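Using numbering that gives the first Met the number 0, the first residue of the sequence shown is number 0, and each one after it goes up by one.
Accompanying notes for the structure given below.
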Amino acid sequence: MKKLNYITIALILMLTTITVNAQHKLPVNADKLIAYKGEIKLDSVKQDLMAEKAAEWLRAHYFSGEVVQDETDKALVVRGFFRMPEFNDEGTMYHECRIKLDEGKYTYMFHNFIYTEPGGVSFPAESYPAGWKGDERFYELMNNGVTLMIEDLQKYMASGVASR
């Protein structure tokens with residue numbers, strides 16, 4: 000009878016683990032860290048014009064951080080945040096945004112997500128604290144926030160470049 004209880008408990012734990020892992024289908028990089036990446040083609044657009052548009056977008060959306068150029072790959076980089084009031088009135092998701100420009104295309108990456116609440120609670124987005132409720136909602140809101148920023152970036156980068 001005891002053996003049957005251990006097997007039942009083991010099966011429940013396995014199913015719970017599988018269910019939890021299946022629920023959070025966020026994009027990850029090779030290190031299994033959440034990272035949203037994409038490459039967008041803008042045919043016949045010069046790199047200097049894309050750099051101008053990307054810098055404008057970054058300054059408009061990341062007033063909390065300074066836009067710098069990474070010397071290794073010439074990407075524009077900024078560290079910023081977005082609020083997650085639907086999850087916690089004062090919760091903030093800090094992250095890094097990189098935009099790398101090439102002739103006729105650009106790549107973006109949103110990564111290094113750290114969630115912070117007042118009072119010192121802070122954790123990488125991949126490490127939602129065990130025992131806290133609301134992890135599904137947390138990842139849904141995070142995904143919505145990043146997706147809206149990506150859509151806005153794509154619209155902004157495409158706007159007006161064909162006429163220049």
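Each residue gets a CB set at the ideal place from its N, CA and C atoms; glycine is no exception.
Predicted, not measured: the structure shown is a model, and the values here were computed from it.
Within its own chain, the residues whose Cβ lies closer than 8 angstroms to the Cβ of E55, once the five positions on either side in sequence are excluded, are Y155, listed in chain order. The beta-bridge partner set that DSSP reports for I149 is empty. About 5 angstroms separates the Cβ atoms of K36 and M108, confirming a contact at the 8 angstroms cut-off. When the five nearest sequence neighbours on each side are left out, the beta carbons in the same chain lying within less than 8 angstroms of the beta carbon of G90 are those of R82, M83, P84, Y114, T115, E116, in order along the chain. I149 and K104 have their C-alpha atoms some 15 angstroms from each other. At the C-beta level, A74 and I39 stay beyond 8 angstroms of one another.
Following the DSSP letters along the chain, one finds E55 inside the alpha helix (DSSP H) bounded by residues 46-60. By the 16-neighbour rule on beta-carbons within 10 angstroms, L147 is exposed. When the five nearest sequence neighbours on each side are left out, the beta carbons in the same chain lying within less than 6 angstroms of the beta carbon of Y61 are those of V77, G79, in order along the chain.
Between the alpha carbons of Y138 and K31 lies a distance of about 15 angstroms. Here G79 carries a strand assignment [DSSP, helix/strand/coil]. Take S121, set aside five residues on each side of it, and the residues of its chain with a beta-carbon closer than 8 angstroms to its own are I113, Y114, T115, in chain order. K52 counts as buried, since at least 16 other C-beta atoms from the protein chains shown sit within 10 angstroms of its C-beta. Between I33 and L25, the gap from beta carbon to beta carbon is short of 8 angstroms. The C-beta of G144 has 16 or more other C-beta atoms within 10 Å across all chains shown, which makes the residue buried.
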